[in-house]
Amino acid sequence: MESAEKLSVTVTPAMARMIREKVEDGSFGSASEVIRAALRAFQREEEEHAERMASIRARVKASIEDTRPGYSGEKVRDHLRELAAQYSSRGDDSAA
Numbered sequence: 003m004e005s006a007e008k009l010s011v012t013v014t015p016a017m018a019r020m021i022r023e024k025v026e027d028g029s030f031g032s033a034s035e036v037i038r039a040a041l042r043a044f045q046r047e048e049e050e051h052a053e054r055m056a057s058i059r060a061r062v063k064a065s066i067e068d069t070r071p072g073y074s075g076e077k078v079r080d081h082l083r084e085l086a087a088q089y090s091s092r093g094d095d096s097a098a
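Numbering (my numbering), first residue to last: 3 to 98.
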C-alpha cells in the first residue's frame with residue numbers, strides 16, 4: 003500500500019454531517035475512510051467520462067471520414083414528402 007499523506011480539507015457543514023453520520027452508523031471506520039471512498043468513486047466517474055468522450059470522438063471521426071454520399075436536409079425532406087404522399091394515396095384508394 004502507498005504511504006499516506008496527511009491533508010487538511012474544508013467541507014461544508016452538510017458534508018461534515020454526512021461524513022460523521024457514515025462513521026457513526028458503522029459504514030466506515032473513520033472520516034478518512036469516507037473521504038477515500040468518495041475520491042475513489044470520483045476517480046471512477048472521471049475515468050468513465052473519459053471513456054465516453056473517447057467513444058463519442060471516435061464516432062464523430064468515423065462519421066466525418068465516412069465516404070458514403072451525404073444528403074442535404076432539403077433532399078431528405080423532399081424524399082419524406084414523397085413517401086408520405088405515396089402512403090396517403092394508398093389510404094385514399096382503400097377507402098373507395
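Glycine residues also receive a C-beta, built at the ideal position from the N, C-alpha and C atoms.
Next on the checklist: Is it the case that the segment 36-46 contacts the segment 71-81, given that we only count it when at least three CB pairs across the two stretches are under 8 Å?
Outcome noted: These segments do not touch.
Checklist entry - Between Ile108 and Ala33, which are expected to be in contact by the criterion C-beta below 8 Å, what is the C-beta distance as a whole number of angstroms? => result There is simply no residue 108 to check, as the chain begins at 3 and stops at 98 in what is shown.
Checklist entry - According to the neighbour-count rule (16 or more other Cβ atoms, all chains shown, within 10 Å of its Cβ), is Val78 buried or exposed? => result Working through the sequence shown from its first residue, we reach residue 78 at position 76. Flag for Val78 reads exposed.
Item to check | Nonlocal neighbours in the same chain, by C-beta distance under 8 Å from Phe30, ignoring five residues either side | outcome: In the sequence shown, counting from the first residue as 1, residue 30 sits at position 28. Its chain contains Lys24, Val36 and Ala39 as the residues whose beta carbon lies nearer than 8 Å to that of Phe30, once the 5 sequence neighbours on both sides are disregarded; these appear in chain order.
Item to check | Pairwise C-alpha distance: Met17 and Val11 | outcome: The sequence position of residue 11 within the sequence shown is 9, counting from 1. The sequence position of residue 17 within the sequence shown is 15, counting from 1. Going by the C-alpha atoms only, they are around 11 Å apart.
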